[in-house]
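Scroll down for the structure; my scribbles are underneath it.
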Amino acid sequence: MNKTSSITRGGTFAALSILFIYLSSILPTNKLALLTLSSFIIVASIITIGIKASFIMYVSVSILSIFLVSSKGIALTYVMFFGLYGFLKLFIEKLRKLPLEIIIKFLFFNIILVLIYSLYEKLFIGVIDLSNLKFSIYLLIAAAQIIFIIYDYILTLFVSYFNDKLLKKFL
Numbered sequence: 019m020n021k022t023s024s025i026t027r028g029g030t031f032a033a034l035s036i037l038f039i040y041l042s043s044i045l046p047t048n049k050l051a052l053l054t055l056s057s058f059i060i061v062a063s064i065i066t067i068g069i070k071a072s073f074i075m076y077v078s079v080s081i082l083s084i085f086l087v088s089s090k091g092i093a094l095t096y097v098m099f100f101g102l103y104g105f106l107k108l109f110i111e112k113l114r115k116l117p118l119e120i121i122i123k124f125l126f127f128n129i130i131l132v133l134i135y136s137l138y139e140k141l142f143i144g145v146i147d148l149s150n151l152k153f154s155i156y157l158l159i160a161a162a163q164i165i166f167i168i169y170d171y172i173l174t175l176f177v178s179y180f181n182d183k184l185l186k187k188f189l
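With my numbering applied, the sequence shown corresponds to residues 19 to 189, in that order.
Written out as structure tokens, the structure is:
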């Protein structure tokens, strides 16, 4: 792929990512679904324009989202998890050792979950108050793990679908 085509596609992917991140900050519902779509764009970018150009796009989108999106929590969640996970998934799955892949993915997810919670707690005082939960915090953590498994599986299905059906249209 030539440089002009790579830059054009990177710009298009960046614009779509910013759109989904912005929409997730202004719409009252579907915040995580829109952030998930932004992570699919990262994966499509990696497949079509390569890792280096995609990482530049990720950094650009991260900086723009911090400055343009009113909800800094949404931008932070993209920067720390949804934007990075596509790259991490690529490198982890190159190991071809399923038990190790699963352990590393869960480690990453849980470390980021704790970091995001800690940052939310420090930066956005009063936004997250887990003391008023009507169910156990352990149930919330277990649900997050299950949702992460589903997210990773759907992302894997997207990669397969993109490679099988859409890649020819993009190249």
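Each residue gets a CB set at the ideal place from its N, CA and C atoms; glycine is no exception. A quick note: this is a predicted structure, and the numbers were derived from the prediction, not measured.
{"Asked": "Member of 44, 121, 70 and 76 whose CA lies at the smallest distance from the CA of residue 58", "Found": "76"}
{"Asked": "Host alpha helix (DSSP H) of residue 28 (start-end)", "Found": "21 to 44"}
{"Asked": "Segments of 4+ residues assigned as alpha helix (DSSP H) that fall wholly inside the region 57 to 121", "Found": "69 to 86, 90 to 95 and 101 to 111"}
{"Asked": "C-alpha distance - residue 44 paired with residue 66, whole-angstrom precision", "Found": "30 Å"}
{"Asked": "Burial state of residue 114 (16 or more Cβ within 10 Å)", "Found": "exposed"}
{"Asked": "Beta-carbon contacts of residue 42 that lie in its chain and below 6 Å, excluding the five residues immediately before and after", "Found": "49, 52, 53 and 92"}
{"Asked": "Three-state class that DSSP yields for residue 154 in the structure shown", "Found": "coil"}
{"Asked": "Sub-7 Å separation of residue 38 and residue 56 beta-carbons", "Found": "yes"}
{"Asked": "Straight-line Cα distance separating residue 33 from residue 165", "Found": "27 Å"}
{"Asked": "Supposed contact pair residue 60 and residue 72 - C-beta distance, whole angstroms, cut 8 Å", "Found": "6 Å"}
{"Asked": "Proximity to residue 104 [Cα-Cα], best of 133, 172 and 134", "Found": "172"}
{"Asked": "Cβ shell of residue 137 (< 7 Å), same chain only, five flanking positions each side left out", "Found": "94"}
{"Asked": "Helix, strand or coil at residue 180 [DSSP, three-state]", "Found": "helix"}
{"Asked": "Cut-off 8 Å between Cβ atoms - residues of its own chain near residue 191, not counting five sequence neighbours on either side", "Found": "Here the chain covers residues 19 to 189 and nothing more, so residue 191 does not appear."}
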